[in-house]
């Protein structure tokens, strides 16, 4: 599944995200209910997830979207402090991924007064510009 919307990322609303309910994860779309944690291992998981999209066909990571047992979106919950989380993720990518990811974009979609969905997208990297984390290509 590619981008499930007919409008660009920057124009999405909470109502638009509701259309994801029942839509399964795929090789290009991944949901996370919560933000990544701050331990080294959780940061590495985030970097692997982001770099894997760039090393494949590009993709979309939507944080603040709960899933059911079949990995289908089941609820749009948002995450607190999403702007801070986006800045932390971007900083971690810049510091730890050797090649810059093409079209790396973060966007916030308001869900409530104190919660936003954090949407991340990237294009695929060219083969010669594959994303490298810790001295090895991440796939």
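Numbering (my numbering), first residue to last: 1117 to 1255.
Cβ atoms here follow ideal geometry from the backbone N, Cα and C, with glycine treated the same way.
Since the model is a prediction, treat every value here as computed from it, not as a measurement.
Please report the residue range of the beta strand (DSSP E) in which residue i lies.
i, result
"residue 1231", "1231-1238"
"residue 1178", "1175-1179"
"residue 1122", "Element bounds for residue 1122: n/a, residue is neither H nor E."
"residue 1191", "1189-1192"
On the DSSP bridge list, what partners appear for residue i?
i, result
"residue 1197", "According to DSSP, which records beta bridges pairwise, residue 1197 is partnered with nothing at all."
"residue 1228", "1231"
"residue 1146", "1177"
"residue 1222", "1236"
"residue 1182", "1191"
Can the beta-carbon of residue i be found less than 8 Å from the beta-carbon of residue j?
i, j, result
"residue 1230", "residue 1196", "yes"
"residue 1189", "residue 1128", "no"
"residue 1175", "residue 1238", "yes"
"residue 1186", "residue 1120", "no"
"residue 1130", "residue 1227", "yes"
What residues in its chain sit with their C-beta under 8 Å from that of residue i, if we drop five residues either side in the sequence?
i, result
"residue 1126", "1223"
"residue 1148", "1177, 1178, 1179, 1180, 1181"
Give me, in chain order, the residues of the same chain whose beta-carbon lies closer than 7 Å to that of residue i; leave out the 5 immediate sequence neighbours on both sides.
i, result
"residue 1206", "1222"
"residue 1150", "1195"
"residue 1220", "1209, 1238"
What residue range is occupied by the uninterrupted alpha helix (DSSP H) comprising residue i?
i, result
"residue 1163", "1156-1171"
"residue 1141", "From DSSP, residue 1141 is part of no alpha helix (DSSP H); its letter is neither H nor E."
"residue 1133", "1130-1133"
Please return the same chain residues whose Cβ sits closer than 6 Å to the Cβ of residue i, not counting the five positions on each side in sequence.
i, result
"residue 1198", "1224, 1232, 1234"
"residue 1146", "1177"
"residue 1202", "1222, 1234"
"residue 1193", "1180, 1182"
"residue 1244", "Legend: pLDDT at residue 1244 = 49, less than 50; position of this residue unreliable, value from coordinates given subsequently. Correct list: empty, nothing qualifies."
"residue 1236", "1177, 1222"
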